[in-house]
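Worksheet: the structure to be examined is printed underneath.
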Ligand SMILES: NC(=O)c1ccc[n+]([C@@H]2O[C@H](COP(=O)([O-])OP(=O)(O)OC[C@H]3O[C@@H](n4cnc5c(N)ncnc54)[C@H](O)[C@@H]3O)[C@@H](O)[C@H]2O)c1
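Residue numbers (this note's numbering): -13 to 242.
Shown next, in the form of structure tokens:
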């Protein structure tokens, strides 16, 4: 085990849990944070030595108290992965202010609050912030008025962080996952949305939690020591692709 400390939010399941496992496997000291206490305890029990902290990242006081606890217990922080997020898909007409606010509270305000609270710890020896946005923050589509806007803001927040924190030795980068079969996606991806994603993605499939975690771990690592302010889509090629893909795919010879 090395002495570096990695904090992952939304670590009870999905992409966050895969990322925590990867850091644990690298020998780092891992702090797993999630609002879902019971699921978090269960997940953390499989990672010996991991610290589990229950916290709602959208609540400023809880965030401050939680980061104080981490400071006292761990004494340092090298990596912050702002992964916790919620998806709430719906048309603008049905997105009342409470729904809009909840998405912004968690997906945007939570990233700001966690990053700000962790700044004193991260700046002690320098470190890395990796924010998790989405392809929905890169390309607009229907039903994502709140979710897509919150994720686009996370992309810009990352660039603001990179601009401001570089001189403190803190890098900030953003990962935009494409669709991954997690509880979040299962709740909002209808069969039609799933089929549309398959059509629009050159690799023609959903990604795995592990595939997203590998990109996060790279950006957090010393291997990316000269990379900051960047947005990496881990999306099977979705973001780079234009119209006509399914039709062209049907004409592509399979035996080349
Ligand atoms: N799964 C996808 O297809 C997909 C695609 C693009 C982006 N993302 C993003 O990846 C991140 C992880 O998503 P996932 O698919 O693993 O989701 P998930 O729902 O499986 O896991 C999210 C975790 O975050 C926690 N969480 C939610 N609100 C919280 C809060 N206020 N405070 C603390 N913890 C909270 C949940 O309890 C859960 O454990 C999210 O930011 C999501 O928007 C996911």
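Think of the CB as a built atom: it goes at the ideal place given N, C-alpha and C, for glycine as much as any other residue.
When the options are compared against residue i, the one with the closest alpha-carbon
i, options, result
"residue 235", "214, 106, 185 and 139", "185"
"residue 189", "130, 137 and 164", "164"
"residue 11", "24, 28 and -10", "-10"
"residue 112", "122, 157, 76 and 90", "157"
"residue 118", "71, 87, 104 and 130", "71"
"residue 43", "35, 53 and 36", "53"
"residue 110", "216, 124, 207 and 57", "57"
"residue 75", "103, 38, 27 and 136", "136"
"residue 100", "168, 239, 34 and 41", "41"
"residue 229", "183, 205 and 4", "183"
"residue 105", "172, 150 and 131", "150"
"residue 23", "179, -1 and 207", "-1"
"residue 152", "212, 7 and 168", "212"
"residue 243", "162, 241 and 210", "Limits of the chain in this structure are -13 at one end and 242 at the other, which puts residue 243 out of reach."
"residue 142", "39, 216, 107 and 154", "216"
"residue 192", "210, 176 and 222", "222"
"residue 85", "96, 47, 51 and 133", "133"
"residue 89", "39, -4, 131 and 145", "131"
"residue 232", "114, 181 and 210", "181"
"residue 128", "78, 210, 2 and 145", "78"
"residue 62", "172, 176 and -12", "-12"
"residue 64", "21, 214, 14 and 36", "14"
The beta strand (DSSP E) enclosing residue i, as first and last residue numbers
i, result
"residue 37", "37 to 40"
"residue 157", "156 to 163"
"residue 124", "Note, residue 124: premise wrong, no beta strand (DSSP E); not H, not E."
"residue -5", "-9 to -5"
Strand pairing of residue i, partner residues [DSSP]
i, result
"residue 215", "Its beta-bridge partners do not exist; DSSP assigns none."
"residue 20", "40"
"residue 166", "193"
"residue 117", "68 and 160"
"residue 15", "-9"
"residue 173", "None; residue 173 has no bridge partner."
"residue 220", "163"
Rounded distance between the beta-carbons of residue j and residue i, thought under 8 Å
i, j, result
"residue -7", "residue 94", "So it is not a contact: roughly 19 Å between Cβ atoms."
"residue 195", "residue 166", "6 Å"
"residue 121", "residue 219", "6 Å"
"residue 198", "residue 116", "That belief does not hold up - the Cβ atoms of residue 198 and residue 116 are roughly 11 Å apart, past 8 Å."
"residue 140", "residue 160", "7 Å"
"residue 17", "residue 60", "7 Å"
"residue 179", "residue 224", "At roughly 13 Å, the Cβ-Cβ gap does not stay under 8 Å, so residue 179 and residue 224 are not in contact."
Unbroken alpha helix (DSSP H) run spanning residue i, endpoints
i, result
"residue 140", "131 to 151"
"residue 33", "First-last for residue 33: undefined, no H or E at that position."
"residue 7", "0 to 11"
"residue 232", "231 to 237"
"residue 210", "That residue, residue 210, is in no alpha helix (DSSP H); it is neither H nor E in DSSP."
"residue 179", "177 to 186"
Go through the stretch 45 to 113 residue by residue and report every complete run of the beta strand (DSSP E) that reaches 3 residues or more, in order. 65 to 68
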